[in-house]
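Q:
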Amino acid sequence: MIITLFLLLCSASPSFELYVVNTSYGRLRGVTFRSSDGQKNHIFKSVPFVKPPLGKLRFKKPEEVEPWKGILDASTYSAACLSDSKYGTSKQKKISEDCLYLNIFTSERCLSSPCPVLIYLHGGAFNIDSAVMFPDQFIIDHYSSQGIVFVIPAMRLGVFGLLTFGDEEQTHQNLPVYDAMAAIKFVRSEISNFGGDPKRINLMGHSSGANLALLFATSSLIDPDMKLYHRVIALSAPMLFNDQNKIISRSMEIAENLGCVAENSTFDISQVVKCLQEVDATELLAAQKEMESINHRFTNFIFGPPFAKFNQTFEDYRSKIPGRDVMIGTTGHEMGRSLSSQENFYYGSFMDFENRVEVAEKFEADYKSGIFELADESQSIYVSAILYSAALTAAGGHVYLYESRQKPLPNHVSDMRYFIGIHRESNRTSDMDILESFYSKMLVNFTKYGDPSPSWDMYDSARRNFYAVEVDTKAGIYPMNMEDFHRNYADYWLINMTSFDADVTLKKLNNTPIVISSHDDNSSSLFPAWNETEIKDPINSTTIFSKWWFYLVIAAVVFTVISIVYCICRELCWKNEESHPLLR
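For the sequence shown, this note's numbering gives the first residue as 40, with consecutive numbering after it.
1) Our contact map puts alanine 430 next to isoleucine 360 with C-beta atoms below 8 Å; I'd like the distance itself, whole angstroms only.
2) Could you say which of Leu413, Ala252 and Glu56 lies nearest to alanine 113 if we only look at CA atoms?
3) Which residues bound the beta strand (DSSP E) around aspartate 236?
4) For methionine 521, write down the residues that DSSP places opposite it in a beta bridge.
5) Spell out the partners DSSP gives valine 271 in its beta bridges.
6) Using the rule of at least 16 other Cβ atoms within 10 Å of the residue's Cβ for burial, across every protein chain shown, is valine 59 buried or exposed?
7) Could I get the ranges of all uninterrupted beta strand (DSSP E) runs contained in the stretch 410-477, with 3 residues as the minimum, in chain order?
8) Whole beta strand (DSSP E) runs in the stretch 158-215 with 3 or more residues, listed along the chain?
9) Assuming proline 155 contacts threonine 486 under a Cβ cut-off of 8 Å, what Cβ separation, rounded to an integer in Å, is found between them?
10) Need the endpoints of the beta strand (DSSP E) that valine 16 sits in, please.
11) In or out: phenylalanine 306 buried (at least 16 other Cβ within 10 Å) or exposed?
12) Terminal residues of the continuous beta strand (DSSP E) containing lysine 401?
13) Determine the DSSP secondary structure at lysine 266, reduced to helix, strand or coil.
14) Between the Cα of glutamate 147 and those of Gln185, Lys132, Val171 and Ser117, spot the shortest distance and give me the residue it belongs to.
15) Shortest alpha-carbon distance to serine 479 belongs to which of Ala320, Asp206, Ser290 and Phe189?
16) Among Glu416, Asn550, Val312 and Phe280, whose alpha-carbon lies nearest the alpha-carbon of alanine 20?
17) For methionine 120, which beta-bridge partners are listed by DSSP?
18) Do isoleucine 143 and alanine 118 count as a contact pair if the criterion is CB distance below 7 Å?
19) When the Cβ atoms of the stretch 100-110 are set against those of the stretch 83-90, are three or more pairs found closer than 8 Å?
20) Anyone know if the C-beta pair for leucine 139 and alanine 252 falls short of 7 Å?
21) Thinking C-alpha only, which one of Ser419, Arg68 and Asp530 is nearest leucine 111?
22) Have a look at the DSSP bridge pairing and note the partners of phenylalanine 144.
23) Straight-line CA distance for glutamate 509 to lysine 238?
24) Given a cut-off of 7 Å, decide if isoleucine 308 and glutamine 209 are closer than it, judged by their beta-carbon atoms.
25) Buried or exposed for phenylalanine 98, going by 16 or more other Cβ atoms inside 10 Å?
26) Taking the DSSP output, what are the residues bridged to aspartate 511?
27) Per DSSP, what kind of secondary structure is leucine 67 in: helix, strand or coil?
28) When burial is assigned at 16 or more other CB atoms within 10 Å of the CB, is aspartate 319 buried or exposed?
29) Under the three-state reduction of DSSP, which class applies to aspartate 355: helix, strand or coil?
30) Just the Cα atoms here: how many angstroms apart are cysteine 624 and serine 290?
31) Return yes when the Cβ of alanine 507 is within less than 7 Å of the Cβ of glutamate 30, no when it is not.
32) In whole angstroms, what is the alpha-carbon distance linking phenylalanine 392 and alanine 170?
33) Given this structure, state the Cα-to-Cα distance separating tyrosine 268 from serine 556, to the nearest angstrom.
34) Closer than 6 Å by C-beta to asparagine 281: which residues in its own chain qualify, once you throw out the five before and the five after it? Chain order, please.
35) Indicate whether isoleucine 179 and asparagine 80 have their beta-carbon atoms separated by less than 7 Å.
36) For glycine 205, which residues of its own chain have a beta-carbon under 6 Å away from its beta-carbon, when the five flanking residues on both sides are left out?
What follows is the structure, given as C-alpha cells:
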C-alpha cells in the first residue's frame, strides 16, 4: 500500500516521473523534467559506457562495458572523477575512481523524431572539474528542449589519466583521449535509443575539452572519413601540449614517493605499474596533491597517439586534416596577463619551433619588458584559432570564428554562463539575457544546420574575419563581423618569433653567440602595456641628431640669443656714455 502510494505521488510530480529505455547492454531508468516552456524532457545519469577503471584496469585503455541485468537506475549522478578541486571554483561533492559514466539529456520530441546529438567535453586541464557539475535545468532549456540530445561523458583526470612511463604496453599515454573516444563510440552505438540520430553526432568542448574537440575535428587518424562524428565546436582552446619527458618524470616522481621504485634495483616498469595499481586511490590522489604543492602537476596531454603520429610536427598534422565544419570561439581577455606556471620551454609549445628553450627565453624577456597586454596561454588560444581555422578552410571545411567581448571582463570562463550555465553572476543585466539567448541560438543552429547565423560571415584566411560578440543596448552595440583577428599576436608568433627561431638556428650552425634581448622597435609598437595609455612623443629623440634641420634650428636660436644680448648691451652702453662722458 505504501509503495503504491509512493509510486502514485512520483507519477503525479514532474520531478519524480520516471522513464525507461532499452539499450544493447540493458535497461535504464531515467527521470523526467519539464523545461521552462513546459516541454517534457528526460535525463539519464550515470550511464556506464566502459568498465570501471579499477584494479588492473587502472592506467589502461578503457574496455567495453559489460551487459547488466534488470533495470539500472539512471536518475542520479555518479561520483566525479578524482581530482584536487582546490584549483577550481567548482567543487566536486563526491569523487571516486569509479567515475566513467555519461549523462544524456533528451526530450519527447526527439524520442518521436530523432534529433542531432551534441557531446560536451568538459575543461579543467585534465586535472579538475567533471561531467556532473552542470545545472540540469539550463541544459534542458537551452539544448534538449530545443531539439538537441545533449551528452556529457566523464574522463579520467590527473595521475589517473596522464601517468605514463613511455611504454605503451604497460601504461598508455593520453588516457582521457581514449576515454572520450570510447564515449563517442558508445553514443554512436546507443544514442538512437535516446532519441538521437547516430549520423548527426557533434562535439563541443571548452578549454582543455576544446583542445580535445579540435583534435577530434582535425585528426587524420581517428575519423578521417568523418563518419563517427560530424561538426565540432571548440571554445577557448589553447592547443598547448605537455612534454612527454616531463610527464614521465612526474610519473617516476610519484612512483618513488609511494615506494613503488626500489632503491639500488633495476627499474622494472611492469612491477612499478603493478605496485601503483595496488595503491589505494585516495592515497594516490594525496600523493598527487603533495606534488602539486611544489607545482609538479599532471595536466594536459602529449601531442601524439591516438590522434597524431609519434614525433609528428604541427605543420604536417595540419596539412593532413579533413575538411570538417568547425566553430571556434575565444574571449577577449582569456587568461589575462599572468604567465602560466609551467617551465619555460612550455611557452610557444603550440608551434613547431626548433629552438624551444631560446624561444621561451625570448618570450619571457619580451613579457618582462611589458609589451604584452595578455600572456602566453591567451596568445596561444588566439594564434591557434588562426592556424586551425586556416587549415580547416584550406581542407574544404566551413569555419566560423567568434570572440566574446562582453563587459565587464570577457575572461576564459566568462562565457560559460551563456553556453553551459555555470559561473553566473548575481547582478545580471538585460544585455546578458540577450546574449544568453544569442549563444543558445548560435550553438543550436550550428549543431543542426552548420550555419550559426545568416549575418555571420564564414572564415576567410585572407581577411581573418570573425564575429565580435557583444551586446550593449544603450550604446547600440550588437554582434558584428570584423577582420584582422588579433593581428598583433599573430604577427608576433608567425613572423617575429618564427624569424627569431630561424636566426637562432643559423647562429648555432655558425657557432655565433646567441644573445636573448627583449622586444625590438617593430614589436614594441604592437603591444601597449595592459591598462596603460600610450603616449607618443612628437619628436623621436633617438633619431633627431641625424636630421639636417636640427642644426639649422640650433644655429638660428644661437644667432637670435646673441643678437638680443648685443642689443641689450649696446643700449646699456649708450646710456652709460650719456651720463658719463668718455672725454672730460
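Cβ atoms here follow ideal geometry from the backbone N, Cα and C, with glycine treated the same way.
A: Let me lay it out:
1) 6 Å
2) Glu56
3) 235-245
4) Phe505
5) Leu242 and Val365
6) exposed
7) 438-443
8) 188-192
9) 5 Å
10) Here the chain has residues from 40 to 623 only, and residue 16 is not among them.
11) exposed
12) Note, lysine 401: premise wrong, no beta strand (DSSP E); alpha helix (DSSP H) at 395-407.
13) coil
14) Gln185
15) Phe189
16) As shown, the chain starts at 40 and ends at 623. That puts residue 20 outside it, with no answer to give.
17) It is worth fixing the name first, because residue 120 is cysteine in this sequence and not methionine. DSSP, once it has assigned bridges, lists Ser135 as partnering cysteine 120.
18) no
19) yes
20) no
21) Arg68
22) Ile82 and Phe189
23) 34 Å
24) yes
25) buried
26) Ile516
27) strand
28) exposed
29) helix
30) The displayed coordinates of the chain run from 40 to 623. Any statement about residue 624 would go beyond what the structure contains.
31) Given that the chain is displayed from residue 40 to residue 623, the structure contains no residue 30 and the question cannot be resolved.
32) 35 Å
33) 47 Å
34) Asn339 and Ile341
35) yes
36) Ile287
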